[in-house]
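Chains A and B are the protein sequences, given in the same order.
Counting in the numbering used here, the first sequence runs from 38 upward without gaps.
Counting in the numbering used here, the second sequence runs from 872 upward without gaps.
Backbone N, C-alpha and C fix where the C-beta goes; we use that ideal spot for every residue, glycine too.
Note that the structure is a prediction, hence the values are computed from the model and not measured.
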Amino acid sequence: VRALSGDVYRYAFFLCRDEALAEDLTQETFLRAWRFLPGLRDDGKAKSWLFTTVRREHARQFERYRPVMDEIDLERVPDGDADTPEVLALRQAMLRLPDKYREALTLQVIGGYTGQEIAQLLDIPRATVNTRLFRARNRLRRDLEQQLPQPAIGQARQT
Amino acid sequence: VNCLDFRRLMETSPGDAGAQARAHASVCPACADLERRVALLDRSLRNAVRVPVPENLEARILMRQSFHARRRPRRWRRAWPALAAGVLLLIGLALHAGRIVHRETGLHGELVALVEAADYALQARGPVRKELLDAALRPVGLTLREPVGEVSFAGRCLVRGKLSGHLVLRDASTPVSVFLMPEERVSRESSFERKGWRGVLVPTAAGTVGIVVPGGAPPDETLVDRVVRAVHWPA
């Protein structure tokens, strides 16, 4: 729980964009994990299992109750004491990404998964994952260019 | 690996760069520069996803697990076939009963199920600002003509597959779930009580208002009147 609860919570938060729901999803996921503990000794497998369970649990909840949350109240985006304006701007930009782009990117950044692993977790072709990651990263760069003084971070030089 | 391959890799999965990609960057200044910039973005991304984790989350997870363990003693595991049969029997009875219940009674159950599934809406802190409240109801075609009270959550949801407004109001700290359903029609006002929830369905000129509250008392009539009066329905 100690090793993985932070990552699982953060993944849940970026899926649902709501702190209370993210905690609920995290608790539910670990409750399920506890029932299968004997089969989850391998840390890598455990992490993938937990991430997949968060996704399923999130989908299951939204199958029943499907709120439409296209407007994000940016004043409610959580911030830590050490977060810089640049980090907060990037966090807000991530939360504004369409669900499918945000999900692929958070699996890459929080989970540390490769493109191939994300394709397996989401059960979609690798090319689709690449497209989603490309668009997610491009949108973030564009958003940051608009919000932050130049040069924007991570901007590719045009050649 | 050429410059185009390298750029594709950097723009999708920079962490997947292998020895060949690194070798290319070591002899191509433009790609090395791109790699440096992408590394900066990735470092910022790693910081951006580190949202604060709720205090004592681990303790709450462990507490919930131990509570669950106490609730499920081992002897229950041996009895699971009987339990499963019982559950199947109950499901069968419920399905049979479901065929004969009135359509409006079905809506009662649907609203209670929605409130239970969306417990995070009940926990929302609010208050929701007027512009966000308006933005939440606009796609449903609804507006509020006058204040309905303190709103702690505003969103939209599907009630029986139809887009509806969903608000949570605070009435003396009790969360009041309000469903504004332009595409639902009920013949008369009805109140209901299910699974520890009390509620009321009120027909309006162009839709239905559903209000659900926890506990033993039905929704406050003044509050119900206030909500019904405040909502302007699409023509």
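Simplified DSSP state of residue i, which is helix, strand or coil
i                  : result
ARG878 of chain B  : helix
ARG1031 of chain B : coil
ARG908 of chain B  : helix
ILE161 of chain A  : coil
GLU1021 of chain B : strand
TRP1068 of chain B : strand
GLY1036 of chain B : strand
GLY1087 of chain B : coil
LEU1015 of chain B : strand
ILE1082 of chain B : strand
PRO1010 of chain B : helix
PRO122 of chain A  : helix
THR1045 of chain B : strand
PRO1053 of chain B : coil
THR89 of chain A   : helix
THR151 of chain A  : coil
GLY1026 of chain B : strand
ARG176 of chain A  : helix
VAL983 of chain B  : helix
SER1061 of chain B : strand
VAL146 of chain A  : helix
HIS973 of chain B  : Bear in mind that a pLDDT of 47 at HIS973 of chain B, under 50, signals an unreliable position, so the model cannot answer this.
Cutoff 6 Å; reference residue i; Cβ partners in own chain excluding five residues on either side
i                  : result
ASP160 of chain A  : none
VAL1057 of chain B : GLU975, LEU1072, PRO1074, THR1079
THR1014 of chain B : HIS1103
ASP180 of chain A  : ALA130
ARG1069 of chain B : VAL1084, PRO1089
VAL999 of chain B  : VAL1022, ALA1025
Of the listed residues the options, nearest to residue i (C-alpha basis)
i                  : options                                    : result
LEU1003 of chain B : B:VAL986, B:ASP990, B:SER1023, B:GLU987    : B:SER1023
ARG174 of chain A  : B:ARG878, B:ALA1101, B:GLN994              : B:ARG878
GLY43 of chain A   : B:ALA1088, B:GLU926, B:SER1044             : B:GLU926
GLY1032 of chain B : B:GLU1055, B:LEU1038, B:VAL1084, B:THR1045 : B:GLU1055
GLY149 of chain A  : A:PRO135, A:ASP61, A:LYS84                 : A:LYS84
ASN873 of chain B  : B:GLY886, B:VAL898, B:THR883, B:SER1044    : B:VAL898
GLU182 of chain A  : A:ARG72, A:GLU123, A:GLU94                 : A:GLU123
PRO1147 of chain B : B:VAL1098, B:ALA901, B:LEU911              : Nothing can be reported for residue 1147 of chain B: it is not among the residues displayed for chain B, which extend from 872 to 1106.
ARG128 of chain A  : A:ARG178, A:PHE67, A:GLU60, A:GLU94        : A:ARG178
PHE1050 of chain B : B:ALA1043, B:ASP1042, B:ARG1016, B:VAL1099 : B:VAL1099
ASP876 of chain B  : A:GLN184, A:ARG176, A:ARG172, A:ASN167     : A:ASN167
ASP990 of chain B  : A:ILE155, A:TYR46, A:GLU60                 : A:GLU60
Sequence-distant residues of the same chain with beta carbon closer than 7 Å to residue i, five excluded per side
i                 : result
THR236 of chain A : Residue 236 of chain A is absent from the structure shown; chain A starts at 38 and stops at 196.
ARG205 of chain A : Residue 205 of chain A lies beyond the range of chain A shown here (38 to 196); nothing can be said about it.
MET881 of chain B : LEU905, GLU906, VAL909
Burial state of residue i, where buried means 16 or more other Cβ atoms lie within 10 Å
i                  : result
ALA40 of chain A   : exposed
ARG907 of chain B  : exposed
GLY1086 of chain B : exposed
GLU56 of chain A   : buried
THR1125 of chain B : Residue 1125 of chain B is absent from the structure shown; chain B starts at 872 and stops at 1106.
GLN145 of chain A  : buried
GLY152 of chain A  : buried
Spatial neighbours of residue i in its chain, beta-carbon cut-off 8 Å, leaving aside the 5 residues before and after
i                 : result
ARG996 of chain B : SER1023
Inset, instruction - Mind checking the segment 920 to 931 of chain B against chain A and listing, in chain order, the residues whose C-beta falls within less than 9 Å of any C-beta there? - result: VAL920, ARG921, VAL922, PRO923, VAL924, PRO925, LEU928, GLU929, ARG931
Legend entry - Residues within the segment 55 to 68 of chain A neighbouring chain B, beta-carbon criterion of under 8 Å: ASP55, GLU56, ALA57, LEU58, GLU60, ASP61, THR63, GLN64, PHE67, LEU68
Legend entry - Members of the segment 880 to 902 of chain B near chain A, C-beta cut-off 8 Å: MET881, GLU882, THR883, SER884, GLY886, ASP887, ALA901
Inset, instruction - Scan the segment 169 to 183 of chain A for residues whose Cβ lies nearer than 8 Å to a Cβ of chain B and list them as they occur along the chain. - result: LEU170, PHE171, ARG174, ASN175, LEU177, ARG178
Inset, instruction - Would you list, in chain order, the members of the segment 125 to 136 of chain A that have their beta-carbon closer than 7 Å to a beta-carbon of chain B? - result: Of all residues in the segment 125 to 136 of chain A, LEU127, ARG128, MET131 have a Cβ within less than 7 Å of some Cβ in chain B.
Legend entry - chain A contacts made by the segment 907 to 921 of chain B, where a contact means CB separation under 9 Å: ARG908, VAL909, ALA910, LEU911, LEU912, ASP913, ARG914, SER915, LEU916, ARG917, ASN918, ALA919, VAL920, ARG921
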